[in-house]
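Colleague:
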Amino acid sequence: MFMSRVRILAALVAASAVTPAVAQEGAAPAAEEEVSAIDSATDFARSLIDEASQTLTNESLSEEDRLQTFRTFLGEKMDLDFISRIVLAKRYRSEMTEEQNQRYDAAFPAYMTRIYADQFDQIFGKPYSVVDSKPASRGDVFVATDFEVGDRRTLNVVWRIRNSDGENKIVDIIVQGGSIITLKREEFSSFVAANGVDALIETLEGEAA
Numbered sequence: 001m002f003m004s005r006v007r008i009l010a011a012l013v014a015a016s017a018v019t020p021a022v023a024q025e026g027a028a029p030a031a032e033e034e035v036s037a038i039d040s041a042t043d044f045a046r047s048l049i050d051e052a053s054q055t056l057t058n059e060s061l062s063e064e065d066r067l068q069t070f071r072t073f074l075g076e077k078m079d080l081d082f083i084s085r086i087v088l089a090k091r092y093r094s095e096m097t098e099e100q101n102q103r104y105d106a107a108f109p110a111y112m113t114r115i116y117a118d119q120f121d122q123i124f125g126k127p128y129s130v131v132d133s134k135p136a137s138r139g140d141v142f143v144a145t146d147f148e149v150g151d152r153r154t155l156n157v158v159w160r161i162r163n164s165d166g167e168n169k170i171v172d173i174i175v176q177g178g179s180i181i182t183l184k185r186e187e188f189s190s191f192v193a194a195n196g197v198d199a200l201i202e203t204l205e206g207e208a209a
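Be aware that the sequence shown starts at 1, since it is given in the UniProt record's numbering, and climbs by one per residue.
#1: So, does the segment 43-55 touch the segment 64-73, judging by three or more C-beta pairs under 8 Å?
#2: For residue 218, is the classification buried or exposed, using 16 other Cβ atoms within 10 angstroms of its Cβ as the cut-off for buried?
#3: So, under 8 Å CB-CB, Asp105 and Ser84 are touching, yes? Tell me the CB distance rounded to an integer number of Å.
#4: Can you check DSSP and say which residues form a bridge with Met78?
#5: Check for me: the beta strand (DSSP E) holding Glu148 runs from which residue to which?
#6: Flag Arg114 as yes if its beta-carbon sits less than 9 Å from any beta-carbon of chain C, otherwise no.
#7: Among the candidates Glu32, Asp39 and Val171, whose CA atom is the shortest distance from the CA of Ser137?
#8: Does the segment 143-162 come into contact with the segment 120-129, if we say contact requires no fewer than three beta-carbon pairs (one atom in each stretch) closer than 8 Å?
#9: According to DSSP, simplified to helix, strand and coil, what is Pro127?
#10: Asp79: buried (16+ other C-beta within 10 angstroms of its C-beta) or exposed?
#11: Which residue from Gly139, Arg152, Ala107 and Ile115 puts its Cα closest to that of Tyr128?
#12: Looking only at C-alpha atoms, which of Leu204, Val197 and Ser189 sits nearest to Ala89?
#13: Nearest to Asn163 by CA position, among Phe147, Phe142, Leu183 and Glu187, is which residue?
#14: Check each candidate in Ile38, Glu33 and Glu32 and name the one with the smallest Cα separation from Ile161.
#15: Since Ala41 and Leu74 are thought to touch, with beta carbons under 8 Å apart, how far apart are those beta carbons, to the nearest angstrom?
#16: Can you give the beta carbon distance from Leu204 to Ala144, rounded, assuming they're within the 8 Å contact cut?
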C-alpha cells in the first residue's frame, strides 16, 4: 500500500530538520546563457504558483472542479513522461510487457497529478516569496520558494525546472530538502519488489481515479 497522499508533505518535512537553501549545485558564477535560463525558470515558477493559486481559490468552482482543473494545469506544466521513467527503476521497465508499459504510461499521469493536487492544495494561495534561483545539472534550474504556512513558519519548496525545446517544465519538487520524485521512486521500488509490477499498475489505476 502506498503512503497516504496526505502524509507525503509531512514525511518530507520530517526528513529535514532545517529549511535548506537551494541544493548546492553550480556554485560558479553563471554565464550569460545561465542567467537567461535562470530568469526564465524563475518567471515560470512565479507564473505557475500564481495561476495555481487562482485556480484553487476560485470560489465559482466546486471543490471537485477546482481540483480537476488544477490536475489538468499541473499535467501541462510537468514533464510527466520524464518523471514516469525516473520513478520506476529501469530494471523493472525493461522486464515489463508491452501491455504493462501501456497501462503504466496511461495510469501514471493521472496518478501523479492527483498526488500533487492533493498535496499542494494545502499551500497554494498562501503568501510566498522566491528566495533563490540557481543552475542545476543537466541544464536544469532550481527555483527556491518559501510559503508562509502560519505561526511565523515557512515551508521551503524548490522547483526543479528543465527547458526542453524552448518550453519550461517541472521535473521535480523538493520540499524541505526532500525530493518527492526520490520518495516515489523508493516507494515504487519497494512496492514492486514485494508485490510485482501488475500490482503496482493496478494500484496506480485505482488511486488515479
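Here a beta-carbon is modelled for each residue, glycine too, at the ideal position from N, C-alpha and C.
Modeller: Taking the structure as given:
#1: The segment 43-55 vs the segment 64-73: in contact.
#2: Nothing can be reported for residue 218, as the shown portion of the chain is limited to 1 through 209.
#3: Contact check for Asp105 and Ser84: beta-carbon distance about 7 Å, within the 8 Å limit, so the pair qualifies.
#4: Ile170.
#5: Start and end: Val141 to Gly150.
#6: In the displayed structure, chain C is absent; only one protein chain is listed.
#7: Shortest Cα-Cα distance from Ser137 to any of Glu32, Asp39 and Val171 involves Val171.
#8: Yes: the two stretches touch, three or more of their Cβ pairs being nearer than 8 Å.
#9: Under the three-state reduction of DSSP output, Pro127 falls in the coil class, being neither helix nor strand.
#10: Answer is buried; the Cβ neighbour count reaches 16.
#11: Comparing Cα-Cα distances from Tyr128 to each of Gly139, Arg152, Ala107 and Ile115, the minimum goes to Arg152.
#12: Distances from the alpha-carbon of Ala89 to those of Leu204, Val197 and Ser189 put Ser189 closest.
#13: Minimum Cα distance to Asn163 is reached at Phe142.
#14: For Ile161, the nearest C-alpha among the options comes from Ile38.
#15: Contact between Ala41 and Leu74 does not hold, since their C-beta atoms are separated by about 17 Å, which reaches or exceeds 8 Å.
#16: Incorrect: roughly 30 Å between the Cβ atoms, too far for contact.
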